[in-house]
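S.K.: If you read the protein sequences in the order shown, they are chains A and B.
Every number in the numbering used here is 1173 more than the matching position in the first sequence, counting from 1.
Residue 186 in the numbering used here sits at position 191 of the second sequence; the count goes up by one each step and never skips.
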Amino acid sequence: MQQTEAEYLRILKSRLVGTLTDDELADVLSDYSEHFRMGKANGRKEEELFCSLGSPEDVAREIRATHLVNKAESDRSCGNLLHAIGATLGLGLFNLVFVLVPFILLVVLLFVVFILGIVFTVFGPAAGIYAILQILGLPAFAIWQSPVAGVFFSLGITTFGLLLVIGDYFLARFSYHLGIRYLKWNIGVITGTERVA
Amino acid sequence: MNLRGISATRIILWLVAITIVSFAIGFGILALNGGSSPSGDHPFTPFRNNALLTSNTTLIPLDEATSGDVRLTLGAGDLTLRGGAPDTALMEATVFTEAGIWQPELAQEVNNAQKVVTITEKGHTGKTWFAVDSPNRWEIRLSDTIPIRLEENVGAGDNTLRLGTLNLETLSVHTGAGDTIVDLSGYHGGRFDATIKTGVGDLTLRIPQTSNTRIVVHQGIGDINEDGFIRHDDTYITAGFNSSIAVNQITLNQGVGSITLEAV
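Written out as structure tokens, the structure reads:
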């Protein structure tokens, strides 16, 4: 389909409205207008410039993904990370494997560690109470081989649970940081077309 | 993350230290008391785990005896006793225990057509708080066909006797600490005398309401609940009791705990 510069910019604008702020959108459109102007001044044809840039839909997807990843990096939140991942998934079907699968595995890991931490944190004091009742001679609560050892094991289980929860928090932070870098690398690998800075 | 000037690093280091020290002390106590058995086939656990118990069933034949004398001593653990042993056997004893050292000693002989069987497990006394509990469980079936003199001692643990199908001559039950149930409902055997002594724990005694039974209760601290008896001071008799015919005489000595008497 024969396309003009105006139509290219219109499509680009329509795809980025709502994602970028008005100022950011104006900057992007200005950059691409300048790119077209410079290309034509250098004697390049519009079709040639369109081919080098790629379709406006693809360009919009790349800009959107880059913008959302940068936003997730500067403003850390689960929502921003999910938006960034969603935008990155839109860059290609194979990202279902290279982005979505690792992300799901990571979320499952963090969730499992968190649940384990909570379970240990709750179970520890409960088992400690059982140990004390066992020391007091109530056979119904005899869950420990040695009740005094049970008191210490209960304390250890509780603190271990707290360590798991705290460790999960730091693991989540580290994973967030690593995930952003991975998404940036992924976008860089996928973006093989000429880019307008 | 700061909590009133305490850094997260310091909190984490304290938690790590407490965790390591706690587990080290716990495992140390178990090791000193023989709880971590490296020779065992089962994975080590600081918990009592009945799933780890191995069973050992012993069939003790009648050996042409016409009566039985059974003496059981269980230091620590739960004991369940009932009828239903095979016809040619005085007893079928299944012992669930975690370690071979806690297997009881068995002695048997025949004296004047009476089969005498003694099963003894002395338990582990003197190390209560730090002790690695012996998770013993005995399940014993006795012959329903011959008269039996039954003597039973349980140091600490629950004691459940379902004797309705047996033919008793005498019954002696002694429980140190734990709940005791003596269920004689449906009993159609011969006359017997019984002595039941419990230290700390609840006691439940069920007897047939049609039986000619007298129960004398000596209780320390606790309540007595009865259903279906006629009471005279510390003596409970069944409805229709007649002292001129054969009487089942039961004496209860209870230290601390409730007593429940049921005529069913």
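Here a beta-carbon is modelled for each residue, glycine too, at the ideal position from N, C-alpha and C.
Small disclaimer: the values here were computed from a predicted structure and weren't measured.
Could you work out which residues of chain A lie near T14(B), taking near to mean beta carbons separated by less than 7 Å?
M.R.: Those are G1329, T1332, F1333, L1336, listed as they occur along chain A.
S.K.: Considering F18(B), what are the terminal residues of the beta strand (DSSP E) in which it resides?
M.R.: First-last for F18(B): 3 to 27, but that is the alpha helix (DSSP H), not the beta strand (DSSP E).
S.K.: May I have the straight-line CA-CA distance separating L76(B) from I202(B), to the nearest angstrom?
M.R.: The alpha-carbon atoms of L76(B) and I202(B) are separated by roughly 16 Å.
S.K.: Could you please give the first and the last residue of the uninterrupted beta strand (DSSP E) stretch that includes G63(B)?
M.R.: Counting along the chain, the beta strand (DSSP E) containing G63(B) begins and ends at 62 to 71.
S.K.: Within a Cβ cutoff of 7 Å, which residues of the same chain sit near L1193(A), ignoring the five residues on either side of it in sequence?
M.R.: Closer than 7 Å at Cβ, skipping near neighbours: V1201, H1240.
S.K.: Measure from the alpha carbon of I6(B) to the alpha carbon of each residue in V1190(A), V1338(A), S1348(A), then state which is nearest.
M.R.: Comparing Cα positions, the closest option is V1338(A).
S.K.: Below 8 Å on the Cβ atoms is my contact criterion, and I expect V112(B) with Q103(B) to pass it. Report the Cβ-Cβ distance as a whole number of Å.
M.R.: Right, their Cβ atoms sit about 5 Å apart.
S.K.: Pair every Cβ in the region 1348 to 1367 of chain A with every Cβ in the region 1320 to 1327 of chain A, then say whether three or more of these pairs are closer than 8 Å.
M.R.: In short, these stretches do not touch, since the Cβ pair count stays below three.
S.K.: Taking 6 Å as the limit between beta carbons, can you name the residues of its chain near I1316(A), skipping five residues before and five after?
M.R.: The residues are Y1303.
S.K.: Is it true that the region 165 to 172 of chain B meets the region 224 to 237 of chain B, where meeting means three or more beta-carbon pairs spaced less than 8 Å apart?
M.R.: The region 165 to 172 of chain B, when compared against the region 224 to 237 of chain B, does not touch it at the 8 Å Cβ threshold.
S.K.: What does the alpha-carbon distance come out to for the pair D1195(A) and L1344(A)?
M.R.: C-alpha separation (whole angstroms): 36 Å.
S.K.: Cβ of I1305(A) less than 8 Å from any chain B Cβ?
M.R.: Judged by the 8 Å Cβ criterion, I1305(A) is not in contact with chain B.
S.K.: Identify whether I1316(A) lies in helix, strand or coil by the three-state DSSP scheme.
M.R.: Correct three-state label for I1316(A): coil.
S.K.: To the nearest angstrom, how far is it from the Cα of L179(B) to the Cα of I15(B)?
M.R.: Each residue's Cα considered, the two are about 53 Å apart.
S.K.: Return the chain-ordered list of same chain residues with a C-beta closer than 7 Å to the C-beta of A1370(A), the five sequence neighbours on each side being excluded.
M.R.: Because the pLDDT at A1370(A) is just 43, under 50, the model does not fix this residue reliably, and the value given afterwards should be weighed accordingly. Result list for A1370(A): empty, nothing under 7 Å.
S.K.: Of the residues L69(B), S62(B), N106(B), T40(B), which one's Cα is nearest the Cα of M86(B)?
M.R.: Comparing Cα positions, the closest option is S62(B).
S.K.: I need the straight-line Cα distance from G1297(A) to G1290(A), nearest angstrom please.
M.R.: Distance between the alpha carbons of G1297(A) and G1290(A): 11 Å.
S.K.: Strictly under 8 Å for the Cβ-Cβ distance: is V1270(A) near chain B by that measure?
M.R.: No, V1270(A) lies away from the interface with chain B (no Cβ there is under 8 Å from its Cβ).
S.K.: If the cut is a Cβ gap below 7 Å, which residues of chain A does I20(B) touch?
M.R.: Under the 7 Å cutoff, chain A gives F1325.
S.K.: Name the chain A residues that come within less than 9 Å of N267(B), Cβ to Cβ?
M.R.: No information on residue 267(B) is available, as it lies outside the stretch -4 to 259 that chain B covers here.
S.K.: Could you name the residues of chain A that I10(B) contacts, counting a contact when the two beta carbons are closer than 7 Å?
M.R.: According to the sequence as given, residue 10(B) is Leu; it is not Ile. Those are T1332, L1335, L1336, listed as they occur along chain A.
S.K.: Give me whichever residues DSSP pairs with N154(B) in a beta bridge.
M.R.: DSSP, once it has assigned bridges, lists L74(B), T175(B) as partnering N154(B).
S.K.: In the region 1334 to 1364 of chain A, which residues sit with their C-beta less than 9 Å from some C-beta in chain B, listed in chain order?
M.R.: The region 1334 to 1364 of chain A vs chain B, Cβ under 9 Å: L1335, L1336, I1339, G1340, Y1342, F1343.
S.K.: Whole angstroms are fine: how far does the CA of L74(B) sit from the CA of P33(B)?
M.R.: Low confidence applies to P33(B): its pLDDT is 46, below 50, so where it sits in the model is not reliable, and the reading given next is rough at best. Going from the Cα of P33(B) to the Cα of L74(B) covers about 28 Å.
S.K.: Where W9(B) and G1263(A) are concerned, what is the direct C-alpha to C-alpha distance, given to the nearest angstrom?
M.R.: Taking the straight line from one Cα to the other gives about 46 Å.
S.K.: For T246(B), tell me which candidate among A12(B), V211(B), L27(B) has the shortest Cα-Cα distance.
M.R.: For T246(B), the nearest C-alpha among the options comes from V211(B).
S.K.: Looking only at its own chain, which residues have a Cβ that is under 6 Å from the Cβ of T1366(A), when we skip the five neighbours before and after it?
M.R.: Confidence is the limiting factor: at T1366(A) the pLDDT is only 45, short of 50, which leaves the residue's position unreliable and the question unanswerable from this model.
S.K.: Verify whether the separation of the beta carbon atoms of L163(B) and I143(B) is less than 8 Å.
M.R.: It is a contact, given that the beta carbons lie within the stated cut-off.
S.K.: Rounded to the nearest angstrom, what separates H119(B) and T40(B) at their Cα positions?
M.R.: At H119(B) the pLDDT is 48, less than 50, meaning the model places this residue with poor confidence; the figure from the coordinates comes in the next sentence. If I take the Cα positions, the gap works out to 20 Å.
S.K.: Mind reading off the beta-carbon distance from W54(B) to E147(B)? Whole number of angstroms is fine, and I expect it under 8 Å.
M.R.: Note on residue identity: the sequence assigns Leu, not Trp, to residue 54(B). Not confirmed; about 19 Å, so no contact.
S.K.: At the level of alpha carbons, what is the spacing between K122(B) and F1271(A)?
M.R.: Confidence in K122(B) is poor, its pLDDT being 43 and thus under 50, which makes the residue's placement unreliable; the coordinate value appears in the next sentence. In a straight line, the C-alpha of K122(B) is about 60 Å away from that of F1271(A).
S.K.: Does the separation of the CB atoms of V195(B) and V105(B) fall below 8 Å?
M.R.: No.
S.K.: From the DSSP output, in three-state form, read off Q204(B) for me.
M.R.: Coil.
S.K.: Taking only three categories from DSSP, how would you classify E100(B)?
M.R.: Here E100(B) sits in strand by DSSP.
S.K.: Report the rounded CA-to-CA distance for H37(B) versus W1358(A), giving the unit in angstroms.
M.R.: Note on H37(B): pLDDT 46, under 50, position unreliable in the model; the coordinate value appears next. Whole-angstrom Cα-Cα distance: 49 Å.
S.K.: Could you check which residue in V1232(A), E1197(A), F1287(A), H1208(A) has the C-alpha nearest to that of I1363(A)?
M.R.: Checked all of V1232(A), E1197(A), F1287(A), H1208(A); the closest Cα to I1363(A) is V1232(A).
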